[in-house]
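Quick notes on the structure that follows.
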């Protein structure tokens with residue numbers, strides 16, 4: 005009897021600890037981090053700089069948009085989850101076959117994980133991605149009636165979805181703009197041009213949201229992605245040909261951040 009009660013207590017403690025961790029993660033996403041004061045000189049400098057950078061980016065890439073291919077909101081979610089640590093080009097190659105093999109949400113719900121892992125293997129980290137995508141299919145089916153949620157709070161409950169994925173899906177699927185999608189290109193851009201003091205994507209997003217008008221949030225990500233792909237890669241490059249460097253010359257020395 006004592007042993008049974010002791011085991012139950014351990015299970016309760018483990019469950020409570022897990023729930024506490026989830027609540028802590030939710031609070032971290034909902035509560036903004038301590039940014040620099042908006043009346044400070046540094047904040048005003050960063051805001052003015054980003055406005056100039058964004059104006060230039062709009063001229064350079066007026067039609068920048070998501071590069072992933074998809075037909076339904078669910079396929080968009082799948083493609084974005086697969087794009088983690090993988091190029092959009094490779095993801096598109098994989099999904100061209102994947103979306104034909106799994107034409108409906110139910111097909112994902114009924115898929116065998118081992119088979120699915122092999123289907124998405126070229127995208128890397130395929131075991132974890134397969135686990136998340138298939139779990140996401142079940143949650144979207146069971147909780148959201150087969151529809152991708154339209155709110156940040158709801159979409160973040162889907163396995164494999166963090167704020168970057170949420171922002172991309174909400175913006176492209178529903179036209180809902182609740183933040184700025186911070187991928188590796190946006191993170192590097194924000195650090196290179198001294199727009200943030202953090203390397204954490206969530207905190208970088210919050211800093212950029214304060215500096216940039218909301219109407220620019222959605223398109224900004226795709227402009228920066230094109231800038232990173234076509235002009236300013238992570239590796240050393242010829243900054244003399246970079247049209248954004250004159251706006252903030254120190255960025256010319258920030259090859260890797």
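Numbering (our numbering), first residue to last: 5 to 261. Even glycine gets a Cβ: it sits at the ideal position worked out from N, Cα and C.
With fewer than 16 other CB atoms across the displayed protein chains lying within 10 angstroms of its CB, residue 46 is exposed.
In this structure the stretch 71 to 89 lies against the stretch 114 to 130, because at least three pairs of beta carbons, one per stretch, are closer than 8 Å. In this structure, 248 is the residue among 237, 248, 161 and 258 with its C-alpha nearest to the C-alpha of residue 53.
When the five nearest sequence neighbours on each side are left out, the beta carbons in the same chain lying within less than 8 Å of the beta carbon of residue 229 are those of 68, 71, 187, 189 and 190, in order along the chain. Considering only 199, 120 and 114, the residue with the shortest C-alpha distance to residue 56 is 199.
Shown here for residue 84: same chain residues with a beta carbon closer than 7 Å to its own, the five before and five after excluded, namely 72, 169, 172 and 173 in chain order. Contact check for residue 115 against residue 138 passes: the beta carbons are separated by less than 8 Å. DSSP places residue 232 in the uninterrupted alpha helix (DSSP H) bounded by 218 to 234. Annotation: the continuous alpha helix (DSSP H) that includes residue 77 extends over 77 to 86.
Annotated as proximal: residue 39 and residue 214, with beta-carbon spacing under 8 Å. Going by beta carbons, residue 238 and residue 167 fall outside the 8 Å limit.
In the three-state DSSP reduction, residue 254 falls in the helix class (H, G or I). Only exposed fits residue 242, as fewer than 16 other CB atoms lie within 10 angstroms of its CB. When the beta-carbon positions are compared, residue 175 and residue 136 stay at least 8 Å from each other. The C-beta distance from residue 113 to residue 142 rounds to 6 Å, short enough to meet the 8 Å contact threshold. Here residue 129 carries a coil assignment [DSSP, helix/strand/coil]. Cβ-Cβ separation between residue 124 and residue 144: approximately 18 Å, too far for a contact (criterion under 8 Å). Taken through DSSP and simplified to helix, strand or coil, residue 192 comes out as helix. Each of 223, 105, 194 and 206 was checked against the Cα of residue 258, and the nearest Cα belongs to 194. For residue 58 and residue 217, the gap between their C-alpha atoms comes out near 10 Å. The beta carbons of residue 180 and residue 221 sit no closer together than 8 Å.
In this structure, residue 208 keeps its C-beta atom at 8 Å or more from the C-beta atom of residue 177. Assigned with DSSP and collapsed to three states, residue 205 falls in helix.
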